[in-house]
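Worksheet for the structure shown next.
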Amino acid sequence: MSKKYEFLKDETKTTKVRYISFMGEYHRYDFAFMEHEEDPAKIIVLFLQKNRLAVIGKHSLNEPGNIEHNLHVSEIEAGEIRRFFREII
Numbered sequence: 048m049s050k051k052y053e054f055l056k057d058e059t060k061t062t063k064v065r066y067i068s069f070m071g072e073y074h075r076y077d078f079a080f081m082e083h084e085e086d087p088a089k090i091i092v093l094f095l096q097k098n099r100l101a102v103i104g105k106h107s108l109n110e111p112g113n114i115e116h117n118l119h120v121s122e123i124e125a126g127e128i129r130r131f132f133r134e135i136i
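To convert, count from 1 in the sequence shown and add 47; that's the working numbering.
See below:
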């Protein structure tokens, strides 16, 4: 590797990943969930259909527009996702 870049951090970690797919009223949703090492109150969420990533905690589920913005979904889809996340987060 060239010395063109100075690495500030370069770590490899092993983590648990939980894959969940569910059928909502309008769409199928596929997610991967990982624990957030630095803040255990939050979960790293990968929305597999749209290749979107979000760090979500219980408090951020109730913030207006948070799910819509981070996962690039409509308000209706966000409602389904929010209800599902409340059960598993």
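Just so you know, even glycine gets a beta-carbon here, dropped at the ideal spot from N, CA and C.
- Membership of GLY112 in any beta strand (DSSP E) is not indicated, and neither H nor E is assigned to it by DSSP.
- Of all alpha-carbon atoms in ASN109, PRO111 and HIS74, the one lying nearest the alpha-carbon of PHE94 is that of HIS74.
- GLU134 sits in a helix when the DSSP states are folded into three classes.
- Separation of ILE114 and GLU127 (C-alpha to C-alpha, rounded to the nearest whole angstrom) is 10 Å.
- Taking all protein chains in view, the Cβ of PHE132 is crowded by 16 or more other Cβ atoms within 10 Å, so the residue is classified as buried.
- DSSP links GLY104 through a beta bridge to LYS89.
- Residue environment for PHE54: exposed (fewer than 16 other C-beta atoms within 10 angstroms of its C-beta).
- Between ILE90 and GLY71, the gap from beta carbon to beta carbon reaches 9 Å or more.
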